[in-house]
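Novice:
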Amino acid sequence: MKILIIHGPNLNMLGRREASIYGNATLDDVNRQILDLSRELGMAAEVFQSNSEGGIVDAIQTKEYDVLIINPAAYTHTSVAIRDAIAAVGKPAIEVHISNIYKREEFRKESFISGVATGQISGLGVEGYLLAVRAARKIIPQ
Ligand code: DQA
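Residue numbers 811 to 952, in this note's numbering, belong to the letters of the sequence shown in order.
Below is the structure:
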């Protein structure tokens with residue numbers, strides 16, 4: 811079983827970006843934790859980050875995986891294309907947000923992705939990714 815973790819735009823700046831909202835861990839730190847836990851749980855994992863909507867759509871369509879974990883970042887609130895790609899591929903998808911998108915600006919309260927996601931984790935910091943990895947392991951038992 812393999813999971814694909816996609817990080818959307820500006821998440822390459824984790825650790826340097828609005829630390830009071832997103833914390834001090836860098837994307838490398840987060841990816842290391844994700845890959846370590848996946849290995850511990852006996853799953854293959856690939857991490858991917860893109861600042862472009864098309865790059866994310868291509869990854870969803872062409873990479874090999876059983877469960878998608880995705881933080882679409884700002885595209886959460888705008889992207890019909892990412893939503894349609896997840897629906898088209900038809901694989902389980904877990905939506906992750908580091909911050910609680912329901913506690914912030916009005917425009918962040920709408921997710922174009924949640925309607926096609928298996929579930930959503932929001933507001934638990936980078937721990938949310940690790941909870942998603944554990945949930946992915948349960949969604950498709952080996
Ligand atoms: C985010 C929340 C989004 O609203 C924001 O645009 C991001 C990160 C989060 O992880 O909390 O870039 O997805």
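All residues carry an ideal CB built from backbone N, CA and C; glycine is no exception.
Quick one: grab the DSSP three-state call for Glu850.
Specialist: Of the three classes helix, strand and coil, the one that applies to Glu850 here is helix, per DSSP.
Novice: Quick one: give me the first and last residue of the beta strand (DSSP E) that Lys812 is part of.
Specialist: Per DSSP, Lys812 belongs to the beta strand (DSSP E) from 812-817.
Novice: So which of Leu845, Glu863, Val943 has the shortest CA-CA distance to Val890?
Specialist: Measuring from the Cα of Val890, the nearest candidate turns out to be Glu863.
Novice: Extract the residue ranges of the alpha helix (DSSP H) inside the segment 866-941, only unbroken runs of 4 or more that lie entirely within it.
Specialist: You should have 890-899.
Novice: Looking at Ile923 and the ligand DQA, is the gap between the Cβ and the nearest heavy atom below 7 Å?
Specialist: No.
Novice: Go to Ala829, then tell me how far its alpha helix (DSSP H) extends in each direction, as first and last residue.
Specialist: Counting along the chain, the alpha helix (DSSP H) containing Ala829 begins and ends at 829-832.
Novice: I need the DSSP call for Ala855, collapsed to helix, strand or coil.
Specialist: Strand.
Novice: Helix, strand or coil: how does DSSP classify Ala835 here?
Specialist: Of the three classes helix, strand and coil, the one that applies to Ala835 here is coil, per DSSP.
Novice: Does the Cβ of Ser860 have 16 or more other Cβ atoms within 10 Å, making it buried, or fewer, making it exposed?
Specialist: Buried.
Novice: For Ala883, is the beta carbon positioned less than 7 Å from some heavy atom of the ligand DQA?
Specialist: Answer for Ala883: yes, Cβ within range of the ligand DQA.
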